[in-house]
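*Asks:* Sequential numbering of the sequence shown, starting at 19, is according to the working numbering.
C-beta: ideal position from N, C-alpha, C; glycine also.
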Amino acid sequence: MNQLWFAGQDIPATLFWSWRGQPLYIIYIYLRGQLTLTLPIFLGAMLFGQIITPIVWYDLVGVVSLVVSFVTAMAYLFYHRYSPHIRAFLSTLIAGEPPDRELATKAWIEAVNYPARVVGWTMLVAILAYTTQALYFFLFTQFGLALILQGWIVSLSSTVAIALVFFVFYLERMMYPISSLALAAGARANLTDHRIVHFRLRVKLLVLILPILIVPLVTLGLFGYSQIVRLGADPTNSLLLTGAITSFISVVGVTLALQLVRSVLVPVQELERVIEAVANGDLEARVQPYTSDELAVLGQHFNTMAKRLAEQEQLKTAFGRYVSGTVRDGILNGQISLGGERREITIVFTDIRDFTAWCERTSPEDIIQTLNAYYENLVQILMDHGGTVTRYTGDGVLVLFGAPLNDPYHALHAVEAALKAQEILNNFNAIRHTVNAFELRTGFGIHTGTAVVGSIGYEARAEYTPIGDPANVASRIEDLNRELGTSILISRATYERIAAHITIGKTAETHVKGRVKPVQVYEVLGLSASQ
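(1) State the Cα-Cα distance for the pair Ala-31 and Arg-280, rounded to the nearest angstrom.
(2) Are the stretch 138-152 and the stretch 113-121 touching by the rule of at least three beta carbon pairs closer than 8 Å?
(3) Can you tell which of Ala-134, Tyr-427 and Arg-510 has its C-alpha closest to the C-alpha of His-465?
(4) Can you check the stretch 87-116 for any alpha helix (DSSP H) of at least 4 residues that lies completely inside it and give the ranges in chain order?
(5) Could you tell me whether any non-hydrogen atom of the ligand SAH is closer than 7 Å to the CB of His-98?
(6) Measuring straight from C-alpha to C-alpha, what distance separates Thr-90 and Leu-199?
(7) For the candidate residues Gln-398, Asn-321, Pro-117 and Leu-55, whose alpha-carbon lies nearest to that of Gly-183?
(8) Taking DSSP as the reference, what is the three-state secondary structure of Ala-547?
(9) Measure the C-alpha to C-alpha separation of Leu-301 and Leu-327 and round it to an integer number of angstroms.
(10) For Thr-368 and Gly-414, which I take to be in contact (beta-carbon distance under 8 Å), what is that distance rounded to the nearest angstrom?
(11) How many Å lie between Gly-114 and Gly-39 at the Cα?
(12) Taking the alpha carbon of Val-272 as the reference point, which residue from Arg-213, Leu-189, Arg-360 and Ile-227 has its own alpha carbon closest?
(13) Would you mind giving the Cβ-Cβ distance between Glu-288 and Tyr-308, rounded to the nearest angstrom? I have them listed as a contact below 8 Å.
(14) I want to see whether chain C comes within less than 8 Å of Thr-56, judged by CB atoms only; does it?
(15) Are three or more beta carbon pairs between the stretch 431-446 and the stretch 403-418 nearer than 8 Å?
(16) Please identify the residue among Leu-95, Leu-189, Pro-116 and Tyr-94 whose C-alpha is closest to the C-alpha of Ala-134.
(17) Within 10 angstroms of the Cβ of Arg-218, are there 16 or more other Cβ atoms? Answer buried if so, exposed if not.
(18) Looking only at its chain, what residues have a beta carbon closer than 7 Å to the beta carbon of Tyr-43, apart from the 5 residues adjacent to it on each side?
(19) Using a Cβ-Cβ cutoff of less than 7 Å, which residues in the same chain neighbour Ser-493 once the five nearest sequence positions on both sides are dropped?
(20) Tell me which residues share the same chain as Leu-495 and place their Cβ nearer than 8 Å to its Cβ, disregarding the 5 neighbours each side in the sequence.
(21) Determine the extent of the alpha helix (DSSP H) in which Gly-9 is found, giving its start and end residues.
(22) For Arg-361, which of helix, strand or coil comes out of DSSP?
(23) How would you label Thr-374, buried or exposed, when you count the other beta carbons within 10 angstroms and need 16 or more for buried?
(24) Which runs of the alpha helix (DSSP H), 4 residues or longer, sit entirely within the stretch 405-471?
(25) Taking only the alpha-carbon atoms, compute the straight-line gap between Ser-473 and Tyr-482 and give it to the nearest angstrom.
(26) What is the rounded straight-line gap between the Cα of Thr-380 and the Cα of Asn-395?
(27) Taking only three categories from DSSP, how would you classify Tyr-308?
(28) If we ignore side chains and look at the alpha-carbon of each, how far apart do Glu-514 and Tyr-410 end up?
(29) Taking 6 Å as the limit between beta carbons, can you name the residues of its chain near Val-221, skipping five residues before and five after?
(30) Mapping DSSP to helix, strand and coil, what is Val-215?
(31) Let me confirm a value: Thr-525 is counted as buried when at least 16 other C-beta atoms fall within 10 Å, else exposed. Which label applies?
(32) Is the beta carbon of Leu-443 sitting closer than 8 Å to the one on Thr-460?
(33) Is the separation between the beta-carbon of Ala-262 and that of Leu-231 shorter than 8 Å?
(34) For Ala-324 and Ile-293, what's the separation of their Cα atoms in angstroms?
(35) Is Leu-418 buried or exposed, if buried means 16 or more other CB atoms sit within 10 Å of its CB?
(36) Measuring only the C-alpha atoms, how far is Val-315 from Arg-304?
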């Protein structure tokens, strides 16, 4: 069985190979890489050295094998050194235990860093080792400088430019399953983490393209040089000519490679710039299509997504005009259901007294301007205390406390909001008095009871509103303010819940339209001293 279905991921079975509870995956990918990449390239380099030089293989095999073995052993040291959390993560999974999030995060970081770190250190060791090998041949053998240079170039080309480039992409592919499992286990994938080694796309492309260009040129150059020397040409002049031709072609190839890398990176960097701008809140940022390839098409798709995000943000802002930010975000995030439900709430109804008479003698522009200025302050106060404005009636506002968000102190918060609104209204009227403008007088009716609340209407246009007796009672109580000469009246049901927190003035018992039994009301003068 080559694949396993684990934690919702299609995972290679080799990932769970173990011996005495210890994972074998790191050893497995190391041995597989050495057998499928290092060994064939080593044998190929030895064969090529035989072809271009008069040296027979048994004159080199001892020292070269020792150096290759050293580099290979050091490679395993790096494989082991940079995988402690990967191995701990796999051990936990093999034992059937759920890994904690911190371990999964560390394993993910090691997995994304693994190719660059292992190959980078191995490449450094290889360069030093093969340079040391060349110095050994120069100091302790009679091969001559030309042969030693050829051997050094072949060693570096085969090991650094071929084998290790293959290993970069080989290890990257072998780390994919570990990264996938770590993310499934809850790893925090933060690429801005200081522990991340960023293997940039520019470097990755150059690492791949340059060996493709240079290695064939070096191979042909060395082969051509050896053939010219065998035909009797001067070795020094032949080496200079071969080096000049190879260098010229290499410069041309590298220049073209850099142009290719740039053509890929420019649209990627443009897309990265716009993504960062959108992430920072600039929903008007757009990707500029500089080409017509797949990256440009990807940019166009991103522009479409950004446009839709901007439209949703506009809707969200508009929605926030009708409910508090907390309620809005709760509804949009699915934390609040707008379906009908029965719950205890406190309903506040407020309107402006003598509104009709004022409208008859005031221009429409002044009416709208005054109402908007008043409502801007009123609604902000109501929302700050947890209220949800559900309806405007020109001169009146219907507000819910305790829905759609749960609030065990909805009655107290409703009364506190009304008192604060009266305080703000007094300041508002003081300003209007200085310019001889009409001073607004308002009344608040507050009642607590059980009602059905939910979204009423149809799919395209609905209203979140209460249904039942409490809404009617709150409206009727507000009307009593005119008769009693009060500003804030609450029902007995509300009073019983907050009696210890308020001071009251007038009380009355009156019949309310729609109710058989009389309603006891209380004038609220302020909060008690304990508040």
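*Replies:* According to the structure shown:
(1) Here residue 31 refers to the residue found at position 13 when the sequence shown is read from its first residue. Here residue 280 refers to the residue found at position 262 when the sequence shown is read from its first residue. Ala-31 and Arg-280 have their C-alpha atoms spaced approximately 39 Å apart.
(2) At 8 Å Cβ cutoff, the stretches do not touch.
(3) Here the question's residue 465 lines up with position 447 in the sequence shown. It is Arg-510 whose Cα lies nearest to the Cα of His-465.
(4) 102-112, all fully within the stretch 87-116.
(5) Although the ligand SAH was asked about, the structure shown includes no ligands whatsoever.
(6) Along the sequence shown, one-based indexing puts residue 90 at 72. Along the sequence shown, one-based indexing puts residue 199 at 181. Those two C-alpha atoms are separated by around 29 Å.
(7) Along the sequence shown, read from residue 1 onward, the residue named residue 183 stands at position 165. The question names Gly, but residue 183 in the sequence shown is Val. Comparing alpha carbon positions, the residue from Gln-398, Asn-321, Pro-117 and Leu-55 closest to Val-183 is Leu-55.
(8) Start at 1 with the first residue of the sequence shown, and residue 547 comes out as number 529. Shown here, Ala-547 sits in coil according to DSSP, grouped into three states, outside any helix or strand.
(9) Taking the sequence shown and counting its residues from 1, the one referred to as residue 301 is at position 283. Taking the sequence shown and counting its residues from 1, the one referred to as residue 327 is at position 309. Straight-line Cα distance between these residues: approximately 7 Å.
(10) Residue 368 sits at position 350 when you count from the first residue of the sequence shown. Residue 414 sits at position 396 when you count from the first residue of the sequence shown. Contact flag correct, Cβ pair sits at about 6 Å.
(11) Your numbering for residue 114 matches position 96 in the sequence shown. Your numbering for residue 39 matches position 21 in the sequence shown. If you take the alpha carbons of Gly-114 and Gly-39, they lie about 11 Å apart.
(12) Start at 1 with the first residue of the sequence shown, and residue 272 comes out as number 254. Measuring from the Cα of Val-272, the nearest candidate turns out to be Ile-227.
(13) Residue numbering aside, residue 288 sits at position 270 when the sequence shown is read from its first letter. Residue numbering aside, residue 308 sits at position 290 when the sequence shown is read from its first letter. Their Cβ separation, rounded to whole angstroms, is 7 Å, which keeps Glu-288 and Tyr-308 in contact under 8 Å.
(14) Among the protein chains of the structure shown there is no chain C, as only one such chain exists.
(15) The stretch 431-446 makes contact with the stretch 403-418: 3 or more CB pairs, one atom from each, lie closer than 8 Å.
(16) The sequence position of residue 134 within the sequence shown is 116, counting from 1. Considering only alpha carbons, the answer is Leu-189.
(17) Here residue 218 is taken as the residue at index 200 of the sequence shown, counted from 1. That one is exposed.
(18) Stepping through the sequence shown from its first residue, residue 43 is reached at position 25. Only Thr-32, Leu-33, Trp-35 and Leu-108 meet the Cβ criterion.
(19) Position 475 of the sequence shown holds residue 493. Excluding residues within five positions, the ones whose Cβ falls inside 7 Å are Phe-367 and Gly-463.
(20) Stepping through the sequence shown from its first residue, residue 495 is reached at position 477. First, the residue type needs correcting, since residue 495 is Ile and not Leu in the sequence shown. Beyond the five residues adjoining it in sequence on each side, Ile-495 comes within less than 8 Å, by CB distance, of Phe-367, Gly-463, Ile-464, His-465, Leu-507, Ile-508, Ser-509, Val-530, Val-537 and Val-539 in the same chain, given in chain order.
(21) Residue 9 lies beyond the stretch modelled for the chain, which goes from 19 to 549, so this question has no answer here.
(22) For the purposes of this step, residue 361 is taken as residue 343 along the sequence shown, with counting starting at 1. DSSP, read as helix, strand or coil, puts Arg-361 in strand.
(23) Taking the first residue of the sequence shown as position 1, residue 374 is located at position 356. Burial call: exposed.
(24) You should have 428-451.
(25) In the sequence shown, the residue the question calls residue 473 occupies position 455. In the sequence shown, the residue the question calls residue 482 occupies position 464. One alpha carbon belongs to Ser-473, the other to Tyr-482, and they sit about 4 Å apart.
(26) On the sequence shown, residue 380 is found 362 positions in, with the first residue counted as 1. On the sequence shown, residue 395 is found 377 positions in, with the first residue counted as 1. Just so you know, the alpha carbons of Thr-380 and Asn-395 end up roughly 22 Å apart.
(27) Locating residue 308 in the sequence shown gives position 290, where the first residue counts as 1. Note: Tyr-308 maps to coil in three-state DSSP.
(28) Taking the sequence shown and counting its residues from 1, the one referred to as residue 514 is at position 496. Taking the sequence shown and counting its residues from 1, the one referred to as residue 410 is at position 392. A straight line joining the alpha-carbon of Glu-514 with that of Tyr-410 spans about 29 Å.
(29) Indexing the sequence shown from 1 puts residue 221 at position 203. Beyond the five residues adjoining it in sequence on each side, Val-221 comes within less than 6 Å, by CB distance, of no other residue in the same chain.
(30) Taking the first residue of the sequence shown as position 1, residue 215 is located at position 197. Residue state, collapsed to three classes: coil.
(31) Counted from its first residue, the sequence shown places residue 525 at position 507. In this structure Thr-525 is exposed. Its beta-carbon is surrounded by fewer than 16 other beta-carbon atoms within 10 angstroms.
(32) As a first step, residue 443 must be located in the sequence shown, where it is residue number 425. As a first step, residue 460 must be located in the sequence shown, where it is residue number 442. Result yes, Cβ atoms of Leu-443 and Thr-460 sit closer than 8 Å.
(33) Position 244 of the sequence shown holds residue 262. Position 213 of the sequence shown holds residue 231. Their beta carbons are not under 8 Å apart, which means Ala-262 does not touch Leu-231 by this criterion.
(34) The sequence position of residue 324 within the sequence shown is 306, counting from 1. The sequence position of residue 293 within the sequence shown is 275, counting from 1. Rounded to whole angstroms, Ala-324 to Ile-293 spans 9 Å at the Cα level.
(35) Counted from its first residue, the sequence shown places residue 418 at position 400. Answer is buried; the Cβ neighbour count reaches 16.
(36) Taking the first residue of the sequence shown as position 1, residue 315 is located at position 297. Taking the first residue of the sequence shown as position 1, residue 304 is located at position 286. Counting only the Cα atoms, Arg-304 lies some 13 Å from Val-315.
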